[in-house]
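Residue numbers (UniProt numbering): 2 to 236. Note that the Cβ used here is the ideal one computed from N, Cα and C, for glycine as well.
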Amino acid sequence: TALIEVRDASVRYLSTGRTALGPVDLTVDPGRLLLVAGPSGCGKSTLLRLLNGLVPHAYRAEITGEVNVDGRPVAGRTLRDLSTVVGTMLQDPRRQVVGTTVAAEIAFGPENLGLPREEIRRRITEVAGRLGLTHLLDRATAGLSGGELQMVAFAGVLAMRPRVVVVDEPLANLDPAAGLRLLGELRRFVDEGGAAVVVEHRVDDILEFAPDEVLYLEAGRTAYRGPVAGFLRAA
Ligand code: ADP
Ligand code: ADP
């Protein structure tokens, strides 16, 4: 069954009274990476916020339609509840990473959940090993490179064991080698039964993500939804 189901959904920000997104429909099955593209202001970030609950929890907005993640409606769930289902990667890891050391950063989410110390330790070891961060666990996050920091941010997301990750322009702050490493780990998460929704505004770069599907938004509405090949032909 689908990990993400959006039916006839739209978002209107109350501060402006304007509809920023929708109506849109989409489905993302386990094992699939959806790439969301489109010009600045087309609603990409708003779509991510609809999936991770930041609208309406952090941005006052009116939402219509239906949004289900992992088989349950997003509406009515707390951010804490959603944080175990949907992981969010911000564009700039400097805004995301709050831990002073790498280990503290990975522990941050599980600690907020109140998980037992042993379980937190287990998750740190597992996630750091998986992402090749074991040798960095005691390092201060302030001294890391942009690529290392982005991977540490991803580690913090994976430590919550989400079913879905939403990712905002992950290549924007990375050199090509670090970008490839991050995309490799993202793909592995998806291949192991997760789902990812990735935003990228540079259409020239979207092949790098090897997306299973592309959603192209224009002024909040679906201008194209389908395989990447068809999208590139139409572009
Ligand atoms: P993108 O991520 O594609 O640049 P956004 O989702 O950020 O698009 O924005 C979609 C539309 O919603 C734009 O017109 C933008 O100005 C507006 N918008 C974004 N965030 C807010 C907000 N917090 N309050 C009001 N309007 C917003
Ligand atoms: P992004 O890279 O997410 O598109 P922007 O630079 O467009 O960011 O917007 C920065 C912040 O301002 C975001 O939090 C966005 O939600 C908010 N914002 C964007 N457009 C508007 C708007 N028309 N009214 C109020 N807030 C807005």
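Count the other CB atoms, across all protein chains shown, that sit within 10 Å of the CB of residue 33; report buried if there are 16 or more and exposed otherwise.
Along the sequence shown, one-based indexing puts residue 33 at 32. So residue 33 counts as buried.
Rounded C-beta distance between residue 166 and residue 197? I'm assuming under 8 Å.
For the purposes of this step, residue 166 is identified with residue 165 of the sequence shown, where counting begins at 1. For the purposes of this step, residue 197 is identified with residue 196 of the sequence shown, where counting begins at 1. The pair is a contact, with the Cβ atoms about 5 Å apart (cut-off 8 Å).
Should residue 133 be labelled buried (16 or more other beta-carbon atoms within 10 Å of its own) or exposed?
The residue labelled residue 133 in the question sits at position 132 within the sequence shown. Residue 133 should be labelled exposed.
Among 35, 38, 53 and 66, which has the Cα closest to the Cα of residue 13?
Here residue 13 refers to the residue found at position 12 when the sequence shown is read from its first residue. Closest by alpha carbon: 66.
Is it true that the segment 48-59 meets the segment 76-92, where meeting means three or more beta-carbon pairs spaced less than 8 Å apart?
Segments in contact, yes.
Could you tell me the distance, in whole angstroms, from the CA atom of residue 39 to the CA atom of residue 114?
Taking the sequence shown and counting its residues from 1, one reaches residue 39 at position 38. Taking the sequence shown and counting its residues from 1, one reaches residue 114 at position 113. Residue 39 and residue 114: Cα-Cα distance of roughly 35 Å.
Going by the beta-carbon positions, is the gap between residue 111 and residue 179 smaller than 8 Å?
What you label residue 111 is simply residue 110 of the sequence shown in a count that begins at 1. What you label residue 179 is simply residue 178 of the sequence shown in a count that begins at 1. Against a cut-off of 8 Å, the Cβ pair of residue 179 and residue 111 comes out as no contact.
With residue 183 and residue 171 assumed to form a contact (beta carbons below 8 Å), what rounded beta-carbon distance in angstroms separates them?
On the sequence shown, position 182 is the one that residue 183 refers to. On the sequence shown, position 170 is the one that residue 171 refers to. 6 Å between Cβ atoms; contact.
Quick one, are the C-beta atoms of residue 15 and residue 62 less than 8 Å apart?
For the purposes of this step, residue 15 is taken as the residue at position 14 of the sequence shown. For the purposes of this step, residue 62 is taken as the residue at position 61 of the sequence shown. Yes; because the gap between Cβ atoms is below 8 Å, this pair is in contact.
Could you pull the start and end residues of the beta strand (DSSP E) that residue 207 belongs to?
Within the sequence shown, the letter at position 206 stands for residue 207. Premise fails: residue 207 is in no beta strand (DSSP E) and is neither H nor E.
Rounding to the nearest angstrom, what Cα-Cα distance links residue 60 and residue 37 in this structure?
Position 59 of the sequence shown holds residue 60. Position 36 of the sequence shown holds residue 37. Approximately 21 Å, taken between the alpha carbons.
Is residue 176 buried or exposed, if buried means 16 or more other CB atoms sit within 10 Å of its CB?
In the sequence shown, the residue the question calls residue 176 occupies position 175. When all chains shown are included, residue 176 counts as exposed.
For residue 235, does the count of other Cβ atoms within 10 angstroms reach 16, so buried, or fall short, so exposed?
Walking along the sequence shown from the start, residue 235 turns up at place 234. With fewer than 16 Cβ atoms within 10 Å of its Cβ, residue 235 is classed as exposed.
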